[in-house]
Each structure stands twice: as C-alpha cells, then as structure tokens.
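K.L.:
Before we start, here is the structure in question, set down as structure tokens.
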Amino acid sequence: HHHHHHHKIKSILSSHSMKLGFSFLGIFVAYLLFGITQESIVKGKYGEHDKFTYIISLVLFQCIFNAIVSKTILVLRKTPQDSTPSRMYAFSAFTYLFAMLASNFALEFVSYPMQVLGKSVKPVPVMLLGVLVARKRYPLMKYVYVSLIVIGVILFMYKKPKETNTVDTGDLIGIGEFLLFVSLVFDGLTGGIQDKIRDKHRVQAYHMMYSMNIWSCLWASIGILVTGEIFGLYNFLTLYPYVIVDMFLLGLAGAVGQNFIFLTIEWFGPLTCSIFTTTRKFFTILCSIVIFGNAITKQQMLGTALVFAGLFLEQLYGKKKHN
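Position 196 of the sequence shown, counted from 1, bears residue number 196 in the UniProt record's numbering, the numbering being contiguous throughout.
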C-alpha cells in the first residue's frame with residue numbers, strides 16, 4: 001500500500017514537471033524564433049538600400065494569427081459566451097496595438113538587445129505610477145530591485161559623450177528610446193483596462209485574446225489604408241517575395257508564444273509566467289548578439305546582468321508580501 005502511494009506521488013510529480021517543462025519550452029522556442037524572425041525582417045538588408053518599414057502591416061499579421069489561433073481554441077474548447085461590452089475591447093485593443101507598433105518601430109532606431117531591455121523595465125513605471133498617483137508604499141527591498149533595474153538600463157544605454165563642442169541632445173535620448181517609453185506607457189494602459197475587464201466580467205483568457213486581436217486587426221487595417229502603407233508593402237513584397245515567409249513565421253511564432261503564455265498562467269499563475277518570459281528575454285539578447293553579431297560592450301553586459309538580476313529578485317521576493 002505504501003509503495004502504491006509513493007508511485008502515485010511520483011506520477012503527479014512527473015506530470016507537474018512535464019507541464020512546467022512543456023510550457024517553459026513552448027514560450028522559449030516560440031519567442032526565440034519570434035525574436036530572430038523579427039530582427040531579420042526589420043533589420044534586414046534588401047537590395048541596395050531598401051528597408052522594411054511596414055510596421056503596421058507586420059503587427060496586423062501578428063494580430064491575424066493570434067485571432068485565428070485563439071478562435072480555433074475557443075471553438076475546440078466550446079467555451080461559454082463572453083459578456084464584456086465591445087467598447088472595452090475596442091479601447092484596450094487600441095492601446096495594445098499602439099504599444100506593439102511603438103516597440104516594433106523602435107527596432108528601426110535601436111538594437112534588438114536594447115529593445116528587449118527597454119520592454120523589460122516594466123516594473124519601474126508601474127512602481128513610479130504607484131508611488132506618485134496611488135500614493136502606494138512598497139517594501140524597502142522592492143526599491144532595491146527596481147534601482148538595480150534602473151542602474152542596469154543606464155549602464156546599458158550610457159555612451160561616453162564624444163569630444164565635441166556642440167551638445168547633441170538627440171544622442172542622449174533618441175527616437176528609439178522614446179518609442180520604447182511610449183510602448184511601456186501603452187502597455188501599462190492596456191494592462192489596466194484588461195484588469196478592469198477581468199474584475200467586472202468573468203472573462204476567459206482566450207476570449208480576451210480573440211477579441212483584443214480582432215479589434216486590433218480592425219484598427220491596423222484602417223491604419224495601413226489611411227497611411228497608404230498597404231501599397232508600399234505590396235510593391236516591397238513583389239520585389240522581395242521571400243519576406244512573406246518570414247512574416248508568416250513571425251505571426252505563427254507570436255501566436256504560439258501567446259498561447260503558451262496563457263497556458264502557463266492558467267496552469268501555474270502569472271508569477272511563473274513572468275519568470276519564464278524574463279528568462280526567455282535574457283536568452284533572446286544572447287542569441288541576438290551571437291546570431292546577428294550585435295556588438296556589446298563589457299559595460300552593457302554588466303548592465304544587462306543587473307537588469308535581469310533585479311527582475312528575478314523582484315519576481316521571486318516581490319510577490320510573497322501580498323499573498
């Protein structure tokens with residue numbers, strides 16, 4: 001009898017760790033592929049001096065794939081209807097799209113490691129807003145982690161001023177950094193609206209994924225028509241048809257990745273998920289350096305290490321206080 005009990009525990013353990021490994025690998029592989037594809041599309045060399053600048057179309061592609069995948073799952077799972085008013089989705093989809101556009105567009109101005117790092121500093125604005133707006137008090141340790149992150153980013157971004165008389169402010173904070181900041185702000189807004197939706201209406205992850213992405217498809221479609229980007233993209237793709245394959249890959253990898261993120265949250269909660277995605281980001285930076293030869297200085301390595309140290313500490317210890 002004792003032996004049987006022991007066996008049972010073993011099988012539970014194996015299934016739990018199987019699930020854990022499965023979701024980690026899913027997030028990891030999907031987003032590595034996503035990152036590599038994204039970098040090769042946006043930073044690729046086409047012909048003499050053509051550049052891929054069709055960011056709205058790229059994001060539209062991602063949203064279409066996300067919508068298809070989440071709809072498929074909704075149909076397979078036979079989930080109950082979603083009661084959320086569509087204006088909530090329409091609004092949050094707009095901020096979600098805007099955040100995606102800003103971070104994709106930033107890639108034209110900053111290196112991929114910088115973009116990933118920039119997106120990782122999310123706890124910083126969240127905390128700042130908390131302190132300034134909601135007058136929140138945080139445990140002392142939290143300030144320590146967040147300052148680690150801040151110092152790391154400063155180290156990563158700081159370049160010694162060149163010996164010139166004219167001070168160029170454009171070098172200090174460029175368009176790219178500004179875009180990353182914008183994307184963080186809109187990320188925060190999106191999160192806020194989504195929390196509201198979750199509080200009011202018992203909404204399921206895939207319903208949210210589907211509605212958000214369908215609305216984003218609508219906004220992005222309007223966007224490519226209004227800006228005339230669709231014509232530019234059409235001409236670009238007739239010249240370089242192989243980019244279509246990359247765009248498909250990107251859409252697929254992104255949708256699969258989002259799926260695994262939802263699964264991980266469902267199985268293990270948001271904390272595990274954020275630890276997974278943080279680890280993933282760290283390796284994405286490494287791969288970007290190795291594959292695309294993005295040169296990185298010792299100071300930047302130190303900066304990166306500090307940021308991730310801060311993020312992990314924040315995730316491991318920052319959550320215990322509240323539960």
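The C-beta atom is built at its ideal place from N, Cα and C for all residues, glycine as well.
Quick caveat: nothing in here was measured; it's all calculated off a predicted structure.
DSSP state of ASP50, grouped into three classes?
P.N.:
As a working note, residue 50 is residue 50 in the sequence shown. Strand at ASP50.
K.L.:
If you follow the alpha helix (DSSP H) that residue 329 is in, where does it begin and where does it stop?
P.N.:
Given a span of 1 to 323 for the chain in the structure shown, any question on residue 329 remains unanswerable.
K.L.:
Alpha carbon to alpha carbon, what distance is there between ILE36 and SER83?
P.N.:
Along the sequence shown, one-based indexing puts residue 83 at 83. Along the sequence shown, one-based indexing puts residue 36 at 36. Each residue's alpha carbon lies about 38 Å from the other.
K.L.:
So for THR166, helix, strand or coil by DSSP?
P.N.:
If you number the sequence shown from 1, residue 166 lands on position 166. Only weak support is given to the placement of THR166: the predicted model assigns it a pLDDT of 45, under 50, and the question is left unresolved by the model.
K.L.:
Spatial neighbours of GLY223 within its chain, please: C-beta separation below 6 Å, excluding the five flanking residues on both sides.
P.N.:
What you label residue 223 is simply residue 223 of the sequence shown in a count that begins at 1. Hits under 6 Å: ILE56.
K.L.:
Who are the near neighbours of THR164 in its chain, counting only those whose CB is closer than 6 Å to its CB and skipping five residues on each side?
P.N.:
Walking along the sequence shown from the start, residue 164 turns up at place 164. Only weak support exists for where THR164 lies, its pLDDT of 45 falling under 50; the coordinates are left without a value.
K.L.:
What distance in whole Å lies between the Cβ atoms of LEU58 and MET247, which are believed to be in contact at a cut-off of 8 Å?
P.N.:
Here residue 247 refers to the residue found at position 247 when the sequence shown is read from its first residue. Here residue 58 refers to the residue found at position 58 when the sequence shown is read from its first residue. Contact flag correct, Cβ pair sits at about 7 Å.
K.L.:
Here's the rule I'm using: 16 or more other beta-carbon atoms within 10 Å means buried, otherwise exposed. How should VAL167 be labelled?
P.N.:
Position 167 of the sequence shown holds residue 167. For VAL167, the predicted structure reports a pLDDT of 44, less than 50, and the residue's modelled location is therefore unreliable. A value from the coordinates is still provided. VAL167 comes out exposed.
K.L.:
Looking at LEU306 and LEU148, is the spacing between their C-beta atoms short of 8 Å?
P.N.:
Taking the sequence shown and counting its residues from 1, the one referred to as residue 148 is at position 148. Taking the sequence shown and counting its residues from 1, the one referred to as residue 306 is at position 306. Cβ atoms of LEU148 and LEU306: closer than 8 Å.
K.L.:
In terms of residue numbering, what span does the alpha helix (DSSP H) encompassing ARG77 cover?
P.N.:
Taking the first residue of the sequence shown as position 1, residue 77 is located at position 77. It spans 55-77 - the alpha helix (DSSP H) in which ARG77 sits, taken as one unbroken run.
K.L.:
Can you name the start and end residues of the alpha helix (DSSP H) that ARG280 belongs to?
P.N.:
For this step, residue 280 is matched to residue 280 along the sequence shown. Counting along the chain, the alpha helix (DSSP H) containing ARG280 begins and ends at 243-292.
K.L.:
Can you have a look at PRO270 and say buried or exposed, based on whether 16 or more other CB atoms are within 10 angstroms of its CB?
P.N.:
Walking along the sequence shown from the start, residue 270 turns up at place 270. By the 10 Å Cβ count, PRO270 comes out exposed.
K.L.:
Give me, in chain order, the residues of the same chain whose beta-carbon lies closer than 7 Å to that of THR169; leave out the 5 immediate sequence neighbours on both sides.
P.N.:
What you label residue 169 is simply residue 169 of the sequence shown in a count that begins at 1. Bear in mind that a pLDDT of 47 at THR169, under 50, signals an unreliable position, so the model cannot answer this.
K.L.:
Which of the three DSSP states, helix, strand or coil, is assigned to ILE296?
P.N.:
For this step, residue 296 is matched to residue 296 along the sequence shown. Three-state DSSP puts ILE296 in coil, outside helix and strand.
K.L.:
Taking the alpha-carbon positions, what's the LEU25 to MET141 distance?
P.N.:
To locate residue 25, count along the sequence shown from 1; it is residue 25. To locate residue 141, count along the sequence shown from 1; it is residue 141. Computed Cα separation, rounded: 31 Å.
K.L.:
Have a look at PHE34 and ILE214 and give me their C-alpha separation to the nearest angstrom.
P.N.:
Position 34 of the sequence shown, counting from 1, holds the residue named residue 34. Position 214 of the sequence shown, counting from 1, holds the residue named residue 214. So the alpha carbons of these two residues sit roughly 21 Å apart.
K.L.:
Rounded to whole angstroms, what is the Cα-Cα separation between ILE175 and LEU249?
P.N.:
By one-based count along the sequence shown, residue 175 stands at place 175. By one-based count along the sequence shown, residue 249 stands at place 249. When rounded, the distance between both Cα atoms is 28 Å.
K.L.:
Report buried or exposed for PHE225, applying the criterion of at least 16 other Cβ atoms within 10 angstroms of its Cβ.
P.N.:
Here residue 225 corresponds to residue number 225 of the sequence shown, with the count starting at 1. The amino acid occupying residue 225 in the given sequence is Leu; Phe does not appear at that position. With fewer than 16 other Cβ atoms within 10 Å, it is exposed.
K.L.:
May I have the straight-line CA-CA distance separating PHE61 from GLY251, to the nearest angstrom?
P.N.:
Mapped onto the sequence shown, residue 61 falls at position 61. Mapped onto the sequence shown, residue 251 falls at position 251. Rounded to the nearest angstrom, the two C-alpha atoms are 6 Å apart.
K.L.:
For VAL182, collect the residues of the same chain with a Cβ closer than 6 Å to its Cβ; drop the 5 residues on either side in sequence, then sort them by chain order.
P.N.:
For the purposes of this step, residue 182 is taken as the residue at position 182 of the sequence shown. The answer, listed in chain order, is ALA102.
K.L.:
Below 8 Å, how does it come out for the region 203-213 and the region 79-99: are there three or more Cβ pairs, yes or no?
P.N.:
Short answer: they touch.
K.L.:
Does DSSP put LYS321 in a helix, in a strand, or in coil?
P.N.:
As a first step, residue 321 is located in the sequence shown; it is residue number 321 there, counting from the start. Unreliable placement is indicated for LYS321, whose pLDDT of 48 sits below 50; the coordinate value is still reported in the next sentence. Coil.
K.L.:
By Cβ distance, which residues of its chain are closer than 6 Å to PHE28, with the 5 residues on each side in sequence left out?
P.N.:
Within the sequence shown, numbered from 1, the residue matching residue 28 stands at position 28. Excluding residues within five positions, the ones whose Cβ falls inside 6 Å are ARG280.
K.L.:
Specify whether the region 187-200 and the region 122-130 touch according to this definition: at least 3 beta carbon pairs, one from each stretch, less than 8 Å apart.
P.N.:
yes
K.L.:
How is HIS108 classed by DSSP in three states: helix, strand or coil?
P.N.:
If you number the sequence shown from 1, residue 108 lands on position 108. As written in the sequence, residue 108 is Glu, which differs from the His given in the question. In this structure, GLU108 counts as coil in the three-state DSSP scheme.
K.L.:
Nearest by alpha-carbon distance to TYR158: which of GLN300, TYR46, GLU229, GLY254 is it?
P.N.:
To locate residue 158, count along the sequence shown from 1; it is residue 158. It is GLN300.
K.L.:
Check whether the Cβ atoms of THR79 and GLN258 sit closer than 8 Å, and answer yes or no.
P.N.:
Position 79 of the sequence shown holds residue 79. Position 258 of the sequence shown holds residue 258. No, the Cβ-Cβ distance between THR79 and GLN258 is not below 8 Å.
K.L.:
Compare the C-beta of PHE181 against all C-beta atoms of chain B and say whether one is closer than 8 Å.
P.N.:
Annotation note: the requested chain B is absent from the structure, which comprises a single protein chain.
K.L.:
Could you check the C-alpha separation between GLU177 and TYR242 for me, to the nearest Å?
P.N.:
Numbered from 1 along the sequence shown, position 177 holds the residue referred to as residue 177. Numbered from 1 along the sequence shown, position 242 holds the residue referred to as residue 242. For GLU177 and TYR242, the distance between alpha carbons rounds to 30 Å.
K.L.:
Measure the C-alpha to C-alpha separation of THR272 and ALA253 and round it to an integer number of angstroms.
P.N.:
Taking the first residue of the sequence shown as position 1, residue 272 is located at position 272. Taking the first residue of the sequence shown as position 1, residue 253 is located at position 253. Separation of THR272 and ALA253 (C-alpha to C-alpha, rounded to the nearest whole angstrom) is 21 Å.
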